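Residue numbers (this note's numbering): -5 to 117.
Put into structure tokens, the structure is as follows:
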């Protein structure tokens, strides 16, 4: 009877653990946001597509970096300077509920609280 070397067992267990970790990470970073986007679109929400790992963070930081150096005009329209990304989404999609991805988290942006409550219950 041949004895199985312990290093082979340890190597195979390590490979299984690493493979499992990679699959869980891939599920968390790619498959769940894509599934959530598909579900939100099926419910009638509009929004930007999910971009791997960072979502809309690059666009959000770019808009913020463009808005901050500009001098603030002397009137009450301060929202485009404070949060230019959400302001752009509101200009693009209007007052209809829409969504955006910041990293792997999704934002549902709606001026109507009742709509958001209904959408969350449906998920």
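Glycine included, each C-beta is placed from N, C-alpha and C at the ideal position. None of the values given here were measured: they were computed from a predicted structure.
Within 8 Å, strictly: CB atoms of residue i and residue j
i	j	result
residue 100	residue 79	no
residue 24	residue 46	yes
residue 56	residue 96	no
residue 42	residue 94	yes
residue 76	residue 92	no
Separation of residue j from residue i, as counted between CA atoms
i	j	result
residue 27	residue 90	21 Å
residue 44	residue 12	26 Å
residue 8	residue 2	10 Å
residue 14	residue 6	12 Å
residue 31	residue 73	27 Å
residue 36	residue 62	36 Å
residue 16	residue 68	52 Å
residue 10	residue 33	32 Å
Environment of residue i [buried if 16+ CB atoms lie within 10 Å]
i	result
residue -5	Below a pLDDT of 50, predicted positions are generally treated as unreliable, and residue -5, at 42, falls in that range; the measurement from the model is reported next regardless. Burial call: exposed.
residue 39	buried
residue 71	exposed
Do the stretch 2 to 22 and the stretch 65 to 83 meet, that is, are 3 or more Cβ pairs less than 8 Å apart?
Taking 8 Å as the limit for Cβ pairs, the verdict is that the stretch 65 to 83 does not touch the stretch 2 to 22.
Tell me the start and end of each unbroken beta strand (DSSP E) in the stretch 12 to 100 that is at least 3 residues and wholly inside, in chain order.
The beta strand (DSSP E) runs lying completely inside the stretch 12 to 100 and spanning 3 residues or more are 92 to 96, given in chain order.
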